[in-house]
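In my numbering, the protein residues as written are 935 to 1254. Beta carbons: idealized from backbone N, C-alpha and C, even for Gly. Quantities reported herein were computed from a predicted structural model and do not represent experimental measurements.
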Ligand SMILES: [Mn+2]
């Protein structure tokens, strides 16, 4: 693995770069990309940010987010991946990456312990949000964060930490947040816009999923099910499921909470949360990965088959 200083020295020498973000973009991958992109521009490195889909409206308050593109507009010297733990997390941009990976300089900055180190240069260390790493990288580039950089960084810090509530929040998380505040970031605006605010349709989906939570293993496993029919009924997209799995973990008997979202017939996107249990290990059984306390995978089959497999596998890990 490389150090932040090594990564900074590589980036400083670039003429141009494309910054790649992960599918179902969140505040951390966008905050990482927007702040790093701005810092690179300030030191004269031409760059653009790509995501496989249009950015959700709740991030439209972030300056520069309107310039995030679905595909490249120039042939960049390097590809920089932020908050991307595996190639398949790029979604449709995976092919773009694969076609260039042997010709271009590739750099990854990530905070997922499951990161596969698939770039030429990698800085990977587990922490609360990738924006913590990006803050250090920006300083190593010799850039003093301005208000726009601070706002993007704090968005990653706030959202990935669940409003500074997760077990991996550290002293460094708060010190980085303090530096963002000093540079003019607006924490109340970020918290409301990127984390709390939801449409009524999304609130309705949330209420429905929470009302129908299913419990297994004597209440230690809670599963929220979101079917295609529910997304249609409330007129919301897949990103509307965010937060449901966190609610399920708040029930006092629950050690592991799961949200299964049917994204296609008999195809489920599965999210795990825990307070102490290593759910990254459980997700890996199904070919997924993530963080110790927040992970994900895909599962295929009918809803009952998926629930059976989940309950069985979680029972193998959970302490009796
Ligand atoms: Mn992240």
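### Message
The alpha helix (DSSP H) that contains residue 980, what's its start and end?
### Response
Along the chain shown, one-based indexing puts residue 980 at 46. Where residue 980 is concerned, there is no enclosing alpha helix (DSSP H), although the beta strand (DSSP E) it sits in stretches over 980-984.
### Task
Report whether the distance from the Cβ of residue 1102 to the nearest heavy atom of ligand 3 is below 6 angstroms.
In terms of ligand content, the structure shown lacks ligand 3 and carries ligand 1 instead.
#### Entry: Close Cβ partners of residue 1230 (< 8 angstroms) along its chain, the five nearest in sequence each way excluded
By 1-based counting over the chain shown, the position of residue 1230 is 296. Excluding positions up to five away in sequence, the list reads 1203, 1204, 1205, 1206, 1217, 1222, 1223 and 1224.
### Task
Would you check if the distance between the CB atom of residue 962 and the CB atom of residue 1065 is smaller than 7 angstroms?
If you number the chain shown from 1, residue 962 lands on position 28. If you number the chain shown from 1, residue 1065 lands on position 131. Yes; because the gap between Cβ atoms is below 7 angstroms, this pair is in contact.
### Message
ligand 1 and residue 1049: does any heavy atom of the ligand fall closer than 6 angstroms to the residue's C-beta?
### Response
The residue you call residue 1049 lines up with position 115 of the chain shown. No, Cβ of residue 1049 sits at least 6 angstroms from all heavy atoms of ligand 1.
### Message
Can you confirm whether the stretch 1139-1150 touches the stretch 1101-1119 when touching is taken to mean that 3 or more C-beta pairs between the two stretches lie within less than 8 angstroms?
### Response
no
### Query
Is the closest heavy atom of ligand 1 to the C-beta of residue 1064 under 6 angstroms?
Here residue 1064 refers to the residue found at position 130 of the chain shown. At least one heavy atom of ligand 1 is nearer than 6 angstroms to the Cβ of residue 1064, so yes.
### Query
If you run the structure through DSSP and keep just helix, strand and coil, what is residue 953?
Indexing the chain shown from 1 puts residue 953 at position 19. Note: residue 953 maps to strand in three-state DSSP.
### Query
Within the chosen definition, does the stretch 1179-1193 reach the stretch 1062-1078 through at least 3 CB pairs nearer than 8 angstroms?
no
### Task
May I have the straight-line CA-CA distance separating residue 1112 from residue 1027, to the nearest angstrom?
Here residue 1112 refers to the residue found at position 178 of the chain shown. Here residue 1027 refers to the residue found at position 93 of the chain shown. Going by the C-alpha atoms only, they are around 34 angstroms apart.
### Query
Beta carbon of residue 1120: closer than 6 angstroms to some heavy atom of ligand 1?
In the chain shown, counting from the first residue as 1, residue 1120 sits at position 186. Flag unset: Cβ of residue 1120 not near ligand 1.
### Delimiting residues of the alpha helix (DSSP H) encompassing residue 1214
On the chain shown, position 280 is the one that residue 1214 refers to. Run containing residue 1214: 1213-1219, per the alpha helix (DSSP H) assignment.
### Query
Cβ of residue 1094 versus every heavy atom of ligand 1: is any distance shorter than 6 angstroms?
Reading the chain shown from its first residue, position 160 is the one you call residue 1094. The answer is yes for residue 1094.
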